[in-house]
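Each residue of the sequence shown is one higher than the one before, counting from 1 in the working numbering.
For glycine and all other residues, C-beta sits at the position ideal for the given N, C-alpha and C.
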Amino acid sequence: MPRLADLDDDAWDDEDDEDATAPCPRCHKEIYEDAERCPYCGAWVSREDARPARRPWWFIAGVIACFAIFYSWIFGI
């Protein structure tokens with residue numbers, strides 16, 4: 001008679017594949033893993049489908065400051 005420890009772990013995972021859920025990256029409600037968009041908030045679930053994220057304001061301000069310092073160094077202002 002096989003013991004419980006001798007059974008393959010994949011046999012237990014087959015039941016969970018049908019109802020596999022994951023939290024939405026935006027609203028954190030449980031949605032199906034196969035969903036492309038969250039039915040609650042409408043956010044894209046996969047990064048390939050999502051619109052590109054904007055850069056933070058401090059990153060843009062830092063780039064502008066670096067260009068200003070470089071410009072003043074080159075032209076001696």
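By how many angstroms is the C-alpha of Glu33 removed from the C-alpha of Phe67?
Residue mapping note: residue 67 aligns to position 67 of the sequence shown, counting from 1. Residue mapping note: residue 33 aligns to position 33 of the sequence shown, counting from 1. The alpha-carbon atoms of Phe67 and Glu33 are separated by roughly 44 Å.
Candidates Thr21, Pro25 and Phe59: which alpha carbon is nearest Cys41's?
By 1-based counting over the sequence shown, the position of residue 41 is 41. Ranking the options by Cα distance to Cys41, first place goes to Pro25.
For Ala65, the first and last residue of its enclosing alpha helix (DSSP H)
Looking up residue 65 in the sequence shown gives position 65. That run of the alpha helix (DSSP H) goes Trp57 to Phe75.
What three-state label does DSSP hand Pro23 in the structure shown?
Sequence index remark: in the sequence shown, residue 23 carries index 23 (1-based). Three-state result, Pro23: strand.
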